[in-house]
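Novice: Dropping the structure in here first, questions after.
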Amino acid sequence: MLLDPQLSAWVLYPILYIMFLVGLLKNYLSLLLLDTPNPEPLELRQQQWLLRGRNLIANHCALSKTGISQRRLFLIAKFRQGHALKDRETKDQKINPMSDPSGTQAMTTSLKGNIANMLPQTIVMTWVNYFFSGFVLFQLPFPLTYQFKSMLQTGIYTRDLDASWVSSISWYLLTLFGLKSFYNLLLDSDITPMDTGSPAASMANMMMPNMAPGEHPHKTFLADADSIALLDSKSVLDNVESRLLKRFMKI
42 MLLDPQLSAW VLYPILYIMF LVGLLKNYLS LLLLDTPNPE PLELRQQQWL LRGRNLIANH
102 CALSKTGISQ RRLFLIAKFR QGHALKDRET KDQKINPMSD PSGTQAMTTS LKGNIANMLP
162 QTIVMTWVNY FFSGFVLFQL PFPLTYQFKS MLQTGIYTRD LDASWVSSIS WYLLTLFGLK
222 SFYNLLLDSD ITPMDTGSPA ASMANMMMPN MAPGEHPHKT FLADADSIAL LDSKSVLDNV
282 ESRLLKRFMK I
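Taking the numbering used here, the leading residue of the sequence shown gets 42, the next gets one more, and so forth.
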């Protein structure tokens, strides 16, 4: 099949340029809409205590038996007494998620991020569908199986066309997902704060795990205290000297 060379100038490159510019717009729009207030010291301390307990649960085997025992007793006492809570006086009360400022702010930030991501994408998808639907742009330099046909030829309903040909709609989708790594190289690592896969979002999810809406943090600390109490005292450092000597003796 022979393609018109003008397709590259009027369809392929315009979609690529627009997707690149829209990606930059989404990144900086996310920065503009993101609210970054300074965290309260007491709330930050509460998160750090919870993270400390989770780190012990996940990595206790890398400590010695004495270290595991001492940390177990220390954290269990702190968690059960409510020492790590932001507000110790309300540890027996149930939190209303609608009246919690941090929860409301998190929902607002998530809503802004969804708007910043979905609105430009919807506009560009409508533009590509309206002006460029049904175009075949180029052929990949390697053969593909028939299973790739639905992915690379969206908007083209021809059974006999080889699967290596790429349609305009599929080119839009390829640029949508393929430019993310390019943005990470071109821009700073913190340029996409709304991305749920960013390091900041991962850290936020790790710092407050298993916190159900309306559940008081004291219940989470009590659950973690029970998990810490059940930790096995077995350590990878047990008899490490003899195991190391046996390995060298075999050599």
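Don't be surprised by glycine CBs; every beta carbon is placed ideally from N, CA and C.
Fair warning: this is a prediction, and the values are worked out from it, not measured in the lab.
Do isoleucine 117 and leucine 272 have their CB atoms nearer than 8 Å?
Specialist: no
Novice: Given a cut-off of 8 Å on the beta-carbon distance, is the pair methionine 60 and valine 207 in contact?
Specialist: Contact flag unset, no.
Novice: Report the rounded CA-to-CA distance for phenylalanine 289 versus glutamate 282, giving the unit in angstroms.
Specialist: Those two C-alpha atoms are separated by around 11 Å.
Novice: Taking the beta strand (DSSP E) that leucine 278 belongs to, which residues open and close that run?
Specialist: Where leucine 278 is concerned, there is no enclosing beta strand (DSSP E), given that its DSSP letter is neither H nor E.
Novice: Between which residues of its own chain and methionine 248 is the CB-CB distance below 6 Å, once the five residues before and five after are set aside?
Specialist: Note on methionine 248: pLDDT 46, under 50, position unreliable in the model; the coordinate value appears next. Excluding residues up to 5 positions away in sequence, Gln88 and Leu92 lie with their Cβ nearer than 6 Å to the Cβ of methionine 248 in the same chain.
Novice: Return the Cβ separation of cysteine 102 and serine 268 in integer angstroms, given the expectation that the two are a contact with Cβ distance under 8 Å.
Specialist: Contact doesn't hold; Cβ gap of about 14 Å is too wide.
Novice: Which residues in the same chain as alanine 270 place their Cβ atom closer than 8 Å to its Cβ, once the five residues preceding and following it in sequence are excluded?
Specialist: Arg113 and Ile117
Novice: For serine 296, write down the residues that DSSP places opposite it in a beta bridge.
Specialist: Here the chain covers residues 42 to 292 and nothing more, so residue 296 does not appear.
Novice: Cβ atoms of leucine 181 and serine 205: under 8 Å apart, would you say?
Specialist: Cβ atoms of serine 205 and leucine 181: closer than 8 Å.
Novice: Can you tell me the Cα-Cα spacing of asparagine 225 and leucine 73, whole angstroms?
Specialist: Cα to Cα, asparagine 225 sits roughly 18 Å from leucine 73.
Novice: For a test of the three-state rule: what should DSSP assign to glycine 64, helix, strand or coil?
Specialist: Glycine 64: helix per DSSP, three-state reduction.
Novice: Suppose you measure from the CA of phenylalanine 189 to the CA of serine 151; what does that come to, to the nearest Å?
Specialist: 34 Å
Novice: Alpha carbon to alpha carbon, what distance is there between leucine 160 and leucine 57?
Specialist: 18 Å
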